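With the numbering used here applied, the sequence shown covers 72 to 152. Ideal placement from N, C-alpha and C gives every residue a C-beta, glycine not left out. It should be emphasised that the depicted structure is a prediction, and the values quoted were computed from it without experimental measurement. This report refers to the structure that appears directly beneath it.
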Amino acid sequence: ANYTIGQRKGLGISAPQPLYVIEKQIVENALVVGPKEALGRREFIARRTTWVSGRKLEEPIRVSCRVRYKAPEVSSTVRPL
């Protein structure tokens with residue numbers, strides 16, 4: 072089955088509190104689940120991005136970022152790797 076980070080339903084796990092997919096460990100074929108508070112991240116890596124300008128990112132830029140469809144925008148820094 073395919074799971075997404077933050078997914079709560081359809082895990083087939085019974086627990087006293089709701090559990091969410093926190094991490095997918097593909098090589099081990101394992102899901103890490105935990106409470107909602109464990110979902111927050113200060114950093115993440117975006118791969119296969121497309122820049123509207125067509126130019127490659129050379130240095131850090133400040134942006135407004137929304138990581139999920141209904142999430143609020145937050146001030147962020149994008150850095151090239």
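Suppose you measure from the CA of residue i to the CA of residue j; what does that come to, to the nearest Å?
| i | j | result |
| --- | --- | --- |
| Trp122 | Leu152 | 15 Å |
| Tyr74 | Val92 | 8 Å |
| Ala28 | Phe115 | Residue 28 is absent from the model: the chain starts at 72 and stops at 152. |
| Glu99 | Cys136 | 31 Å |
| Thr120 | Gly83 | 33 Å |
| Glu108 | Ile132 | 28 Å |
| Gln78 | Leu110 | 10 Å |
Is the beta carbon of residue i less than 9 Å from the beta carbon of residue j?
| i | j | result |
| --- | --- | --- |
| Val134 | Val149 | yes |
| Leu90 | Pro106 | yes |
Classify residue i as helix, strand or coil using the three-state DSSP reduction.
| i | result |
| --- | --- |
| Lys127 | coil |
| Lys95 | strand |
| Ala142 | coil |
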